[in-house]
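Inspection log for the structure reproduced underneath, given as structure tokens.
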Amino acid sequence: MKIRVVSSKDEVETLVPNEQIVHLAFRPSNTDIFALVQKCPTLKALHMPNSYKRTISNSAKMYLGMQGIELLEGDVCGHRKDINEYSEVSQSVYDRIAQYKQEGFSDKEDEEKMIWETRLSPDFVRFLVKG
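Per numbering that gives the first Met the number 0: the sequence shown = residues 0 to 130.
Now the structure itself:
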């Protein structure tokens with residue numbers, strides 16, 4: 000899965016309509032969130048650092064919820080935007096999730112194992128396991 004990394008408000012206009020997950024590396028306003036959702040109608044999740052997620056207004060959270068868009072906490076550690084505008088979740092993560100499901104682990108157990116193995120944020124792992 001590709002995660003589009005957006006570093007500034009100006010980059011929102013450069014998004015393509017079929018983006019599914021967007022990582023916001025800037026503190027968005029309600030207007031930025033609204034513009035992002037309008038630009039990307041197939042958006043499933045917004046991913047952002049905890050410090051930015053805490054400052055999102057309740058009205059923006061409610062709007063995202065009504066649109067069926069999840070608000071996920073986390074970072075794209077080690078990602079270099081100057082090399083690639085997308086951060087990717089490797090296929091091995093999906094393979095491990097499938098393996099755990101096949102072995103009969105519950106979603107909660109899958110999440111705990113994947114958080115420990117991948118060092119991804121709990122919100123994001125929960126989204127992947129559910130997905």
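Every residue, glycine too, gets a C-beta built ideally from N, C-alpha and C.
Contact check, residue i vs residue j, beta carbons under 8 Å
i	j	result
residue 73	residue 119	yes
residue 4	residue 85	yes
residue 70	residue 45	yes
residue 29	residue 56	yes
residue 26	residue 51	yes
residue 35	residue 92	no
Exposed unless 16 or more other CB atoms sit within 10 angstroms - verdict on residue i
i	result
residue 53	exposed
residue 59	buried
residue 113	buried
residue 99	buried
residue 18	buried
residue 47	buried
residue 106	exposed
For residue j and residue i, believed in contact at Cβ under 8 Å, the rounded distance
i	j	result
residue 38	residue 16	7 Å
residue 125	residue 110	6 Å
residue 22	residue 88	Contact flag wrong, Cβ pair sits at about 11 Å.
Beta bridge counterpart(s) of residue i as assigned by DSSP
i	result
residue 85	3
residue 47	72
residue 21	3 and 45
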